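What follows is a single structure, written as structure tokens, with notes after it.
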Amino acid sequence: MERFKACEKEMKTKAFSKDGLLMSEKLDPKEIERRELIEWVVQKIEDLNLQIEKVEAEAEKLRGTAKKGKKDSVKMTRATALEHTVERERWHVGRLELINRLLENCVVMTDKNAGFIDNVAQLQEDIQYYVDHNQEPDFMEDDEMYASLNLEEEEEMYVVGDIDHHDAHEADESRPTEPPTPDRDDHGHKTGSKDHDETLSPAKDKQPPNKRILE
Numbered sequence: 001m002e003r004f005k006a007c008e009k010e011m012k013t014k015a016f017s018k019d020g021l022l023m024s025e026k027l028d029p030k031e032i033e034r035r036e037l038i039e040w041v042v043q044k045i046e047d048l049n050l051q052i053e054k055v056e057a058e059a060e061k062l063r064g065t066a067k068k069g070k071k072d073s074v075k076m077t078r079a080t081a082l083e084h085t086v087e088r089e090r091w092h093v094g095r096l097e098l099i100n101r102l103l104e105n106c107v108v109m110t111d112k113n114a115g116f117i118d119n120v121a122q123l124q125e126d127i128q129y130y131v132d133h134n135q136e137p138d139f140m141e142d143d144e145m146y147a148s149l150n151l152e153e154e155e156e157m158y159v160v161g162d163i164d165h166h167d168a169h170e171a172d173e174s175r176p177t178e179p180p181t182p183d184r185d186d187h188g189h190k191t192g193s194k195d196h197d198e199t200l201s202p203a204k205d206k207q208p209p210n211k212r213i214l215e
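Numbering (the UniProt record's numbering), first residue to last: 1 to 215.
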């Protein structure tokens with residue numbers, strides 16, 4: 001009977017459960033939490049990317065069917081709001097991708113890395129709330145959601161968050177669609193202004209940052 005109970009207990013232990021991982025690999029509980037958080041964050045990224053695809057499709061459809069007139073101004077307003085939603089969602093995707101990268105780098109369980117894992121775990125409820133409710137009309141976004149993670153240095157290293165998500169749509173609208181016409185002298189030749197030369201100068205390719213291991 002005891003042997004049967006032991007066998008039954010073993011069968012009930014799932015291969016990827018906490019108990020199963022502890023028994024099969026003898027992993028530290030914090031390492032198990034890290035792996036589970038990585039899976040969870042990746043899933044949230046996928047959820048937001050699916051939302052982005054749907055919202056972009058709706059905005060494109062509205063702009064494609066809108067015609068000049070009072071009635072169609074409603075469609076254009078709605079399309080603009082949807083495009084703003086996409087910018088906000090992309091902003092959050094960028095932060096989640098950065099969090100995922102940092103979690104993957106926490107391979108050595110130092111106190112600092114363990115603290116980072118704890119802070120990410122505490123954000124799960126807020127992140128889930130954003131994923132579930134961000135498209136509601138009365139949704140109020142928390143811009144300081146990720147403040148406890150102190151991501152400023154990593155954001156700069158991995159070029160994340162260079163444009164604030166609240167101003168992204170305004171930046172797109174203010175960006176010229178065509179390059180400015182260069183000044184010409186009386187003979188029709190282009191003037192060699194410093195600003196124009198800098199505009200034509202190719203930008204140097206940015207090298208990807210080295211992978212940073214948290215210690």
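Even glycine gets a Cβ: it sits at the ideal position worked out from N, Cα and C. Every value quoted in this text rests on a predicted model; they were computed, and no experiment measured them.
DSSP, read as helix, strand or coil, puts T80 in helix. Contact between R90 and I52 is confirmed by a C-beta separation of about 7 Å, below the 8 Å threshold. Taking 8 Å as the cut-off, the beta carbon of A79 is found closer than this to the beta carbon of A59. In the three-state reduction of the DSSP assignment, T65 falls in the helix class. C-alpha of A121 to C-alpha of G115: approximately 10 Å in a straight line.
Listed in chain order, the non-local C-beta contacts of Q128 below 7 Å within the same chain number zero, local neighbours out to five positions each way being set aside. One alpha carbon belongs to T77, the other to L103, and they sit about 39 Å apart. The residues V93, in chain order, have a CB closer than 8 Å to that of N49 in the same chain once the five nearest residues on each side in sequence are set aside. Within the same chain, and ignoring the five residues on either side of W40 in sequence, the residues whose Cβ sits closer than 8 Å to its Cβ are Q124. Rounded to the nearest whole angstrom, the C-alpha separation of D47 and D132 is 9 Å. In this chain, F139 is not harboured by any alpha helix (DSSP H), its DSSP state being neither H nor E.
Between I99 and E33, the beta carbon gap of about 14 Å keeps them out of contact (Cβ cut-off 8 Å).
Relative to the Cα of E83, the nearest Cα in the group E155, K54, D126 and V42 belongs to K54. V131: member of the alpha helix (DSSP H) spanning Q124 to H133, first to last residue.
Each of P137, T110 and E152 was checked against the Cα of E144, and the nearest Cα belongs to E152.
Per DSSP, the unbroken alpha helix (DSSP H) holding M157 starts and ends at E152 to M157.
Taking K44 as reference, the option from R63, E155 and Y130 with the minimal CA-CA separation is Y130. Around V42, the same chain offers N100 as residues with beta carbons nearer than 7 Å, after the five sequence neighbours per side are excluded.
Judged by beta-carbon spacing, N134 lies beyond the 8 Å limit of R95, meaning their Cβ atoms are not closer than that value.
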